[in-house]
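Below is one structure; the comments refer to it alone.
2 protein chains.
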Amino acid sequence: MSDRQYQRIETPTDLIARLREMLGDRLSTAAAVLEQHGKDESWHASSPPDAVVFATSTEEVAEVVKLCAAQNVPIVPFGTGSSLEGHVAALRGGICIDLSRMDAILEVHNEDLDCRVQAGVTREQLNDHLRDTGLFFPIDPGANASIGGMTATRASGTNAVRYGTMRENVLNLTVVTPDGKIIKTANRARKSSAGYDLTRLFVGSEGTLGVITEIGLKLYGIPEAMSAAVCVFPSVDAAVDTVILTIQAGIPVARIEFLDEMQIRAINNYSKTDHKEAPTLFFEFHGTDAGVKEQAEFVQSVAEEFGAEEFQWATRQEDRNKLWAARHKAYYASLQLEPGKAGMPTDVCVPISKLAEAIRETRADCDASPLTCTIVGHVGDGNFHTLILLDPNDAGQMAEAKRLHDRMVERALKLGGTCTGEHGIGYGKLDFMEAEHGPDTIALMRSIKSAIDPKGLMNPGKLIPGL
Amino acid sequence: MSDRQYQRIETPTDLIARLREMLGDRLSTAAAVLEQHGKDESWHASSPPDAVVFATSTEEVAEVVKLCAAQNVPIVPFGTGSSLEGHVAALRGGICIDLSRMDAILEVHNEDLDCRVQAGVTREQLNDHLRDTGLFFPIDPGANASIGGMTATRASGTNAVRYGTMRENVLNLTVVTPDGKIIKTANRARKSSAGYDLTRLFVGSEGTLGVITEIGLKLYGIPEAMSAAVCVFPSVDAAVDTVILTIQAGIPVARIEFLDEMQIRAINNYSKTDHKEAPTLFFEFHGTDAGVKEQAEFVQSVAEEFGAEEFQWATRQEDRNKLWAARHKAYYASLQLEPGKAGMPTDVCVPISKLAEAIRETRADCDASPLTCTIVGHVGDGNFHTLILLDPNDAGQMAEAKRLHDRMVERALKLGGTCTGEHGIGYGKLDFMEAEHGPDTIALMRSIKSAIDPKGLMNPGKLIPGL
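The listed protein sequences derive, respectively, from chains A and B. Residues in the first sequence are numbered from 1 upward in steps of one, following full-length UniProt numbering. Residues in the second sequence are numbered from 1 upward in steps of one, following full-length UniProt numbering.
See the structure below:
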């Protein structure tokens, strides 16, 4: 984790005046607005911009970018602020472009299973809109994030094991480049071999290459049948071995979520449930009636082979919703284990064969630490998180949390994994980029950044160390 | 299609002498070898390199690239030469790096469903190697292409509707960059948000950004059950409407291939089959016994709704192999319709809702032309090809074929599609890049190319117009 100091560049007052003239009350310099826009949902301190503009069109974003570029003023795109690695911090000051008012769902193509939305549309808004079409958009990071933000951080969530991440589900993008041009990265064809994959270059670029203003997305038919289950295991290994065998057998399970003993305790306290406090898997199956039944039977027999103690089914939508509500509240439930403390989330992803080892050793680290930690994981992908509870004003606790965090990342890298499965780099994980990729790969990323954003104005201080 | 003239750069004799010293008889300047390496399987004329080196390791490729870069000599990577848009033509001369001897399967991780191979491994070789593991690699362009070449052109094939293209199935790459450095684009985690998606940038880069030497790939468990069927329709629209409804219902069909009346006639002649000469779909279903049965029943009922005339099943492997062998021989079968003629393949991809219109109008163009054309399509993705039969020495026929080809591309672009679903740009489709992407998007691609390959030595004249 980075404690670098950044030199702020003072935004010329005439630029702010010019923007105010253009945008009226859609520009704000109110202290509370700046403070809120300089901070995401993580423990990273706020680094406020000098002004926030609330854009309403791609053309307006392009105009703002041009004006900023002309005066070498940094630009930070902002969706809902639900990132976790300080992505929206205006480390060098400048203008924050808030895209939340660009919340139009522009096109839904039922026959093609795709849609086109503005960057400020949230995932819940999109799914509400789609309700009557029989289609849905599966990617579900914990927060009700904006589609633009999810694209910029290459987000995923609980459904990724079946439906992929934002990498697999973005069809094309409209982007305002650092010189204020408006480009489209691709068309609506499902596949294309026509040139460099600019779509994938911008997915996960964290605002460092341009401002994503419109997103074409793949959609899916709502499955005929869904069923969910909770299953308790005698050990982490038994749970993870069940996951491995399920994935290896090609069972198209929609969700496999791991929750450790401490996380179950937190959920029981918070959601007034009575799950047994033991390593647990939450499953969800999508398909036809017969298909779902078959998947469930297969997984159940595998789980039993590994000593699973009980299998509680939820086939009614009401029961499923209750189950997943408890899972989605895991973060808040964990915080309530020690009210008043903050949480430092971690996010590693390893090859699935290394997952039991990674989780087991992480749990041992946590047990040996004075800090309380819960573990949850999107284990079908090899991705898991701890939430480390701490008092951010206690330097000793911060140091201990960072030690636990760093050990997790180092272990993940040693096992062939990554320092971030879905949260991104922001500036919180800059220090791990070189360890993960090596200096020559970082140099290549830097050369791409410099080619597209030669002035280094787009979300400076993020994603690439030393920029 | 491009008829540009390229200025060849003479390769210094001392470079060839130095390479010969290093590689011995793994360097060739024999006319036949040069001629063969300057040409792919398409109608594009050979543009031979000045020497061919047969590399055996990533380090050796790096050494060759460094020596070429030091003397500003162009480099063309070569796999099996089965590309279709002139990708391997040494338009400016230089050194061809043949990777076919880098054919080691380096790692297979059964538990993680992934493997790592050298670039010269072919898809058939990989699947032969995997046979006893219960795993397989699904991407199947017509030819027995190399994995390196398939990566470089973002290839796909008949299984893409279920398993994705090379874009979705490459986990990571080892690449020799234009300055001779060896980089790795990512690790073995299934997902990551750690920085720019360099893997996807190199997938489809056609050798213009570096030489791909090793590829990490996703693998899949061989399904418990497979079944295939042939179904005849009263019209193109009826066949395509069946496809749309199947995809929209989320049926995880493994293959849906369209073959038009003329293509069926060609196959019947060539493979001594007796399929009815009418618009036809070939299906394949993968899953459990019950799942395959259920998928098949659903598709059959949809097809019957659209007036399908008969449904012939092939559940025994022997019958399935026969069916798909006929499909895979479609190219050669078409050529035999008019022995002695060459074939110009086309390759567009449109949103699936536009597919019937695109195929119907293409068929009408073909019927109105004096040239014979067959149509096949990976229609689950909206991707289809015509093969236009012609005498390449007859200028009138060439002009007519190009006219048909250009109309297909223009129609695809107008319908929101792409000029190439899976064959790539090479230099054969350079002229459509700007029409598809617009000048600002092309400028962005060009700036990435210039940043990574500032001397413009990597496969010059390909993918980006004007380079």
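No residue lacks a Cβ here, since even glycine has one placed at the ideal position from N, Cα and C.
Beta carbon proximity, residue i to chain A, threshold 8 Å
i	result
residue 88 (chain B)	no
residue 316 (chain B)	no
residue 448 (chain B)	yes
residue 220 (chain B)	yes
residue 235 (chain B)	no
residue 416 (chain B)	yes
residue 440 (chain B)	yes
residue 445 (chain B)	yes
residue 116 (chain B)	no
residue 111 (chain B)	yes
residue 423 (chain B)	yes
residue 375 (chain B)	no
residue 184 (chain B)	yes
residue 159 (chain B)	no
Residue i at chain D interface by Cβ criterion, 8 Å
i	result
residue 300 (chain A)	No chain D is part of this structure, whose protein chains are labelled A and B.
Coarse secondary structure for residue i, derived from DSSP in three states
i	result
residue 216 (chain B)	strand
residue 467 (chain B)	coil
residue 344 (chain B)	strand
residue 378 (chain B)	strand
residue 110 (chain A)	coil
residue 136 (chain A)	strand
residue 506 (chain A)	Nothing about residue 506 (chain A) can be reported from this structure: the residues present for chain A run from 1 to 467 only.
residue 125 (chain A)	helix
residue 118 (chain A)	strand
Through-space distance from residue j to residue i, alpha-carbon basis
i	j	result
residue 42 (chain B)	residue 388 (chain B)	12 Å
residue 447 (chain B)	residue 207 (chain B)	16 Å
residue 33 (chain B)	residue 125 (chain B)	23 Å
residue 438 (chain B)	residue 200 (chain B)	21 Å
residue 259 (chain A)	residue 234 (chain B)	54 Å
residue 357 (chain A)	residue 345 (chain B)	51 Å
residue 309 (chain A)	residue 232 (chain A)	6 Å
residue 222 (chain A)	residue 78 (chain B)	44 Å
residue 196 (chain A)	residue 152 (chain B)	10 Å
residue 241 (chain A)	residue 90 (chain A)	44 Å
residue 292 (chain A)	residue 442 (chain A)	44 Å
residue 430 (chain B)	residue 405 (chain B)	14 Å
residue 361 (chain B)	residue 211 (chain B)	40 Å
residue 96 (chain A)	residue 129 (chain B)	54 Å
Test: residue i CB closer than 8 Å to a CB of chain B
i	result
residue 189 (chain A)	yes
residue 331 (chain A)	no
residue 248 (chain A)	yes
residue 433 (chain A)	yes
residue 205 (chain A)	yes
residue 217 (chain A)	no
residue 2 (chain A)	Legend: pLDDT at residue 2 (chain A) = 46, less than 50; position of this residue unreliable, no value from coordinates given.
residue 437 (chain A)	yes
residue 200 (chain A)	yes
residue 196 (chain A)	yes
residue 294 (chain A)	yes
residue 168 (chain A)	yes
Buried/exposed call for residue i, threshold 16 Cβ in 10 Å
i	result
residue 280 (chain A)	buried
residue 82 (chain A)	buried
residue 25 (chain A)	exposed
residue 340 (chain B)	exposed
residue 154 (chain A)	buried
residue 248 (chain B)	buried
residue 59 (chain B)	exposed
residue 316 (chain B)	exposed
residue 5 (chain A)	exposed
residue 272 (chain A)	exposed
Proximity test, residue i beta-carbon vs the ligand MN heavy atom, cut-off 7 Å
i	result
residue 183 (chain B)	You won't find the ligand MN in this model; it holds no ligand whatsoever.
Considering only residues of the stretch 5-64 of chain A, which uninterrupted beta strand (DSSP E) runs meet the minimum length of 3 residues and lie entirely inside it, listed in chain order?
-> 51-54
For the stretch 213-294 of chain B, which segments carrying the beta strand (DSSP E) assignment without a break, of at least 3 residues, lie completely within its bounds, in sequence order?
-> 225-232, 255-259 and 280-287
Uninterrupted alpha helix (DSSP H) stretches inside the stretch 145-186 of chain A (no shorter than 4 residues) | 147-153, 160-163 and 166-169
Only counting runs of 4 or more residues, tell me where the alpha helix (DSSP H) segments fall wholly within the stretch 298-345 of chain B, in order along the chain.
-> 317-328 and 330-335
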